[in-house]
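Participant: Shown below is the structure under consideration.
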Amino acid sequence: SPRAPKLLGLYSNEELGLALGGENVIHTAFLAGRGADQWTFDVHRLSGFRPLLPESWREEP
190 SPRAPKLLGL YSNEELGLAL GGENVIHTAF LAGRGADQWT FDVHRLSGFR
240 PLLPESWREE P
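Reading the sequence shown from the start, the letters are residues 190 to 250 in our numbering.
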């Protein structure tokens with residue numbers, strides 16, 4: 190069964206474009222597979238060092 194997509198807001202469009210080899214990248218999605226698994230693993234590791242969402246995107250408690 191499909192899983193809900195994960196949302197990140199930690200890269201600028203320049204950083205995302207550089208990481209993915211594109212220009213002016215604003216949104217991206219990955220098909221299931223090794224690439225998506227590696228991206229998820231790397232982002233999970235990064236979450237130990239910095240927030241994955243900007244403060245303004247977080248829900249109020």
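Backbone N, C-alpha and C fix where the C-beta goes; we use that ideal spot for every residue, glycine too.
All of these numbers come straight from a predicted model, not from anything done at the bench.
1) Which residue from Thr217, Ser201, Leu209 puts its Cα closest to that of Lys195?
2) Taking the continuous alpha helix (DSSP H) assigned at Gly224, which residues delimit it?
3) Among residues of its own chain, excluding the 5 on either side of Ser201, which ones have a beta-carbon nearer than 6 Å to its beta-carbon?
Facilitator: The structure says:
1) Thr217
2) 223-235
3) none
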